[in-house]
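A short write-up of the structure that comes next.
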Amino acid sequence: MQNDSPWLRAFRGLAGAVLIVWLVLPLIPLAIWSFARGWFFPDILPKQWTLSAWEYALSDRAGVIDSLGLTIGISLAATVLSILVGVPAGRALGLYKFRGKELIELLILAPTIVPGIAVALGIHSVFITLGLNNTVGGVVLVHLVPTLPYMVLVMSGIFANYDPAFESQARSLGASWLKTFWYVTFPAILPGIIVGGLFAFLVSWSQYILTLLIGGGRVVTLPLLLFNFATSGRNDITGAIGIVYILPGIIILILTARHLSGRNGAVGGFGRI
Amino acid sequence: MTHVSLKDLTKVYPGSKVPSLDRLSLEIPTGELTALLGPSGCGKTTTMKMIAGLLTPTSGDVTFDDRSILREKPEHRGVVMVFQNYLLFPYMSVADNIGFGLKMRKVDKSEIDRRVGEMLDLVKLPDLGKRRPSELSGGQQQRVALARALIVQPKVLLLDEPLSNLDAHLRFEMRDLIRSLQQEMGITTIFVTHDQEEAVVLADKVALILDGRLCQYDHADVFYKRPANEAVARFFGGQNFIPGQSSGTAFDSALGQLALPQNAITGKGTLTFRPENVKIGPSQTNGLTAILEDRIYLGTQTRLRLRVGETMVEAIANPDEVGDFEVGGPVPIHLPPQALWVLQ
Amino acid sequence: MSDRLKIFLLLAPALTAIIVLFMGGLGIGLARSLNYMPVIGLVDPNFDAYVTVFTSQEFYLSFLLTLHISVTSTVLSSILAIGAALLLRRQFIGRAIINFLFQLNLTVPHLVGAIGILYLFSQSGSFARLAAEWGMISRPGDFPALVFDPYAIGIILQYVWKEVPFIGVILLANMQALGEDYESVARSLGANRWQAFRHVLLPLIFPGLLSASVMVFAFTFGAYEIPAILGPNYPAALPVLAYRKYTDVDLEARPEAMAMAIVIALLSALMIFLYVRISRRNIRS
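Protein chains in written order, with the working numbering: chain X, 1 to 273; chain C, 1 to 344; chain Y, 1 to 285.
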């Protein structure tokens, strides 16, 4: 495009700077609190620094480490489950045209446009009937509701740009069904599985109300623990748990960042709803 | 009526050391249809975008009637660019697409409707105004893109590969349409193409750009008869290049001594002649005997690979003329002096 | 295998999950909101719970608050996200950092953002301390209430913080796929910068913007933990109110909670329907 005026460039630089500060800002007090001892108004920074919040958070009696493991386990399980269920559905929606397709798309995407609380209370009743309430399995299963739409969305976008003739070609060259999947289909859809899986993991990772209701307070994931400390006024421990809670997401992001660029069709798939 | 001139126009993209366009100077007279010809990536589209104001040149100038337009915003230049893939706005009807430029100028709705109707007639799509672009064929989309550009009565019209996305039978139809509209409205028109045939068929004059530099700017037939250098000749399908020595009237080379036309250069040079100008049959002037190495039948013509001594000569002939010759056997040929051209 | 059977088998697991969990949840919720629970002998459905909901003033106040939160957050986030995407499309210093921070922000759960906003904007938070440092206030109480406040400013700030990157990343992907040529055509046909944005780019990215902002609207309309951390006690946001009723010691309140959940779903659907209609008409004409 044409060169921009200096004013526009200055404005852009300023807007960028404001954006950077704003994006980081809410995380800063959390980090400071986790090292603070008695940080009272009107001190800008704590008078005394301490590791005691971290010592407590990482000790056995706080249950943070157990909870971290549990949360990772639940989110991984929910991700795997939504990949297993979502990839076939994405294939059907991305590759084929059929009667009633719009209705099925709407049905699968409905959880993203129906407020969570509206479904959560009903599901709780369903799970009580099925005996799944207060169990880890029940929590994993219920996390499928918010994660599956993202998975299907990403995968149907991937399959819409996928030519199944490659599979026919592989079969005609003598590859078995399984080998065809492993050597042809899987590599082609892997970027979608990574992006969809990342979304699914993060959505599951941040669930609060579904876990609270279905887990009935017995399945204590990190957000539940964090909420309890946040509402009980222990800002230092809240800060430490908050940091522990966001680290896995950041690590996963760094591991998968190259798949998230705009050029990966998976992210743009959101425009297709 | 606008005379366009480019003066040492140069573009170096940020982060690149090699200029995409290197000091291009070109005079495009009022109302002419000029082709910028060159392989992809040679800087043609870059040139058009700089004329249209969509890119800022690194250096050099673009003037319309001797007035620099570089400081003008794209929407004030009176230049419209039609992109290769048409880029009709997909969410608008055909009529809304055509009327877009007038709407941006805040022309009255009724006036827009009237002129859109006229344009639809002009490009011979009178009943398609309500359709969506996706419902049109490639040729129809091209016409809509053209109508959308012409309705604003631009001073200069820029076309990016205007015929390349069309089927063979549509190309001539579109060529006639573009030429007749352009002549009628007298709009100075520049188009870019990588296809020498497209350039020759459509343009008054052709500017050949290779590696970001202007190689030759002339009427189309000159590129075939008197190419400026070997690269130009090769771009236009030349295949015979024979080094040797010119005396001005004759050329000494591995083919022996051949008579030259008048005004040929003297000294060391390269002799070139087009494959279709190699004549089959014996002759007093410039007659040679060649061995037929290979022949490819192409339907309306036959390609011959000939060997004269150790020198290979490519020829194209009428299939009837060469029916009897066998591969490996001798073929009498001659090179009419007016078909020869010596390159420096 | 016929295509029909193939499609059915491919869709079966996902549909089963959605129908049992999601539709089942909604269905049971609906039944219970009507006091219909054959298991414990309630076989005569009635609208008592809905009558209670619709005759309570608190419900209307909660609804207005929630509507305000959702509309304001969605509109603000959408506008800012468009700006951010336009910014990130250009080459400039700091672009890579913002790109990374956008993606990083996507990984941070809402709950953490809410706590961060609480520590920044509460009356003893970082901004209040800065104000005290500069002598603008002397006691925490002098600092304007930005959390637990009736205008839900803290909640909206949190949503804007989280949703600008969400919508922005989607829009940026759309813009990069589109390239700049459509706008170039518009410019060359006589559109100025603003017109090229308004009449060409905006309609082109509209489908992505619409779906992303509908998701944001629905989320903000039904999220519990953010208003629970940052919101006022009375009136509470609808999800908070529904959860309170649901966990009330008085089991009689449960059908009321279910009724509220159903009303939230219906209202959200209605709002989304209106929003889609209005924005379609205004953007693509």
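Ideal Cβ placement from N, Cα and C applies to all residues, glycine included.
All figures in this text were calculated on a predicted structure; none of them were measured in a lab.
Give the single residue among the options whose Cα lies nearest to the Cα of residue i.
| i | options | result |
| --- | --- | --- |
| residue 34 of chain C | C/70, C/178, C/8 | C/178 |
| residue 63 of chain C | C/90, C/332, C/4, C/73 | C/4 |
| residue 157 of chain C | Y/153, Y/188, Y/139, Y/134 | Y/188 |
| residue 135 of chain X | X/148, X/230, X/151, X/220 | X/220 |
| residue 117 of chain X | Y/265, Y/132, Y/276 | Y/265 |
| residue 151 of chain X | X/89, X/71, X/124 | X/89 |
| residue 346 of chain C | C/312, C/295, C/330 | Given a span of 1 to 344 for chain C in the structure shown, any question on residue 346 of chain C remains unanswerable. |
| residue 143 of chain X | X/124, X/73, X/131, X/210 | X/210 |
| residue 135 of chain C | C/160, C/303, C/92 | C/92 |
| residue 145 of chain X | X/167, X/34, X/122 | X/122 |
| residue 262 of chain Y | Y/47, Y/154, Y/211 | Y/47 |
| residue 236 of chain C | C/200, C/265, C/250 | C/200 |
| residue 284 of chain C | C/290, C/336, C/266 | C/336 |
| residue 130 of chain C | C/123, C/139, C/138, C/117 | C/117 |
| residue 209 of chain Y | Y/255, Y/275, Y/194 | Y/275 |
| residue 269 of chain Y | X/119, X/130, X/114, X/223 | X/114 |
| residue 341 of chain C | C/262, C/291, C/120, C/315 | C/262 |
| residue 69 of chain C | C/50, C/18, C/241 | C/50 |
| residue 82 of chain C | C/23, C/151, C/172 | C/151 |
| residue 244 of chain C | C/259, C/267, C/232, C/238 | C/267 |
| residue 75 of chain Y | Y/212, Y/169, Y/257, Y/239 | Y/212 |
| residue 62 of chain Y | Y/258, Y/225, Y/249, Y/221 | Y/221 |
| residue 171 of chain Y | Y/202, Y/259, Y/148 | Y/202 |
If we call anything under 8 Å between Cβ atoms a contact, is residue i one with residue j?
| i | j | result |
| --- | --- | --- |
| residue 146 of chain Y | residue 229 of chain Y | no |
| residue 208 of chain C | residue 223 of chain C | yes |
| residue 79 of chain C | residue 155 of chain C | yes |
| residue 217 of chain C | residue 225 of chain C | no |
| residue 231 of chain Y | residue 237 of chain Y | yes |
| residue 242 of chain X | residue 226 of chain X | yes |
| residue 106 of chain Y | residue 202 of chain X | yes |
| residue 37 of chain C | residue 6 of chain C | no |
| residue 104 of chain X | residue 11 of chain Y | yes |
| residue 17 of chain Y | residue 85 of chain X | yes |
| residue 184 of chain X | residue 165 of chain X | no |
| residue 249 of chain C | residue 258 of chain C | no |
| residue 302 of chain C | residue 290 of chain C | no |
| residue 288 of chain C | residue 255 of chain C | yes |
Please check the pair residue i and residue j, which I expect to be a contact at CB under 8 Å, by giving their CB distance rounded to whole angstroms.
| i | j | result |
| --- | --- | --- |
| residue 94 of chain X | residue 157 of chain X | 7 Å |
| residue 246 of chain C | residue 269 of chain C | 5 Å |
| residue 139 of chain X | residue 189 of chain X | Incorrect: roughly 28 Å between the Cβ atoms, too far for contact. |
| residue 272 of chain C | residue 181 of chain C | Rounded, the Cβ-Cβ distance is 37 Å, inconsistent with contact. |
| residue 349 of chain C | residue 88 of chain C | One cannot answer for residue 349 of chain C here, as it falls past the ends of chain C, which runs 1 to 344. |
| residue 194 of chain X | residue 256 of chain X | 6 Å |
| residue 130 of chain Y | residue 44 of chain X | 7 Å |
| residue 20 of chain X | residue 97 of chain Y | 6 Å |
| residue 111 of chain Y | residue 206 of chain X | 7 Å |
| residue 191 of chain Y | residue 75 of chain C | 6 Å |
| residue 346 of chain C | residue 86 of chain C | This structure does not reach residue 346 of chain C, given that chain C is present from 1 up to 344, and the question cannot be answered. |
| residue 133 of chain C | residue 94 of chain C | 6 Å |
Using beta carbons (cut-off 8 Å, strictly below), is residue i in contact with chain B?
| i | result |
| --- | --- |
| residue 74 of chain C | The structure shown contains no chain B; its protein chains are X, C and Y. |
Given 7 Å as the limit, tell me if residue i has its C-beta closer than that to any heavy atom belonging to the ligand SAM.
| i | result |
| --- | --- |
| residue 27 of chain X | What this structure holds is no ligand at all, so the ligand SAM is not there to describe. |
Exercise. Counting Cβ pairs closer than 8 Å, one from the segment 217-224 of chain Y and one from the segment 69-82 of chain Y, do we hit at least three?
Worked result: A contact exists between the segment 217-224 of chain Y and the segment 69-82 of chain Y.
Exercise. Would you say the segment 163-170 of chain Y touches the segment 200-216 of chain Y, given that touching needs at least three Cβ pairs under 8 Å?
Worked result: Taking a cut-off of 8 Å on C-beta distances, the segment 163-170 of chain Y touches the segment 200-216 of chain Y, as three or more cross pairs fall below it.
Exercise. If we count Cβ pairs, one from each stretch, closer than 8 Å, do we get three or more for the segment 18-26 of chain Y versus the segment 104-115 of chain X?
Worked result: Below 8 Å, enough C-beta pairs join the segment 18-26 of chain Y and the segment 104-115 of chain X to call them touching: three or more.
Exercise. Which ranges does the alpha helix (DSSP H) cover as unbroken runs of at least 4 residues, wholly within the segment 187-226 of chain X, from first to last along the chain?
Worked result: Here the runs fully enclosed are 209-215.
Problem set entry | In chain order, each beta strand (DSSP E) run of at least 3 residues that lies wholly inside the segment 225-297 of chain C | Within the segment 225-297 of chain C, the complete beta strand (DSSP E) runs of at least 3 residues are 240-247, 250-253, 256-259, 266-273, 287-297.
Exercise. Pairing CB atoms from the segment 2-16 of chain Y with CB atoms from the segment 270-283 of chain C, are three or more of them under 8 Å?
Worked result: Too few Cβ pairs lie closer than 8 Å, so no.
Exercise. Does the count of Cβ pairs from the segment 100-115 of chain Y and the segment 177-185 of chain Y closer than 8 Å reach three?
Worked result: Too few Cβ pairs lie closer than 8 Å, so no.
For this session: Would you check if the segment 268-284 of chain Y and the segment 44-62 of chain Y touch, i.e. whether three or more CB-CB distances between them fall below 8 Å?
Result: In this structure the segment 44-62 of chain Y does not lie against the segment 268-284 of chain Y, because fewer than three pairs of beta carbons, one per stretch, are closer than 8 Å.
Exercise. Do three or more CB pairs link the segment 182-189 of chain C to the segment 161-168 of chain C at distances below 8 Å?
Worked result: Touching, no, given that fewer than three Cβ pairs across the two stretches are closer than 8 Å.
Problem set entry | Length at least 3, wholly inside the segment 17-100 of chain C: the beta strand (DSSP E) runs in chain order | Within the segment 17-100 of chain C, the complete beta strand (DSSP E) runs of at least 3 residues are 21-28, 33-37, 59-64, 79-82.
Problem set entry | Inter-stretch contact at 8 Å, needing at least 3 Cβ pairs: the segment 79-92 of chain Y / the segment 12-29 of chain X | Under the 8 Å Cβ criterion, the segment 79-92 of chain Y counts as touching the segment 12-29 of chain X, having at least three qualifying pairs.
Exercise. Is the segment 163-175 of chain X touching the segment 76-91 of chain Y, taking contact as three or more C-beta pairs under 8 Å?
Worked result: Not touching, per the Cβ criterion.
Exercise. Can you find at least 3 beta carbon pairs, one from the segment 57-69 of chain X and one from the segment 230-247 of chain X, that sit closer than 8 Å?
Worked result: As far as the Cβ criterion goes, the segment 57-69 of chain X touches the segment 230-247 of chain X, which means the pair count is three or higher.
For this session: Assess, as a yes-or-no matter, whether the segment 43-58 of chain C is touched by the segment 5-19 of chain C under the definition of 3 or more beta carbon pairs within less than 8 Å.
Result: Short answer: they touch.
Exercise. Which full runs of the alpha helix (DSSP H) of 4+ residues lie inside the segment 120-155 of chain Y, going along the chain?
Worked result: For secondary structure counted as the alpha helix (DSSP H) over 4 or more consecutive residues, the segment 120-155 of chain Y holds these complete runs in sequence order: 126-133.
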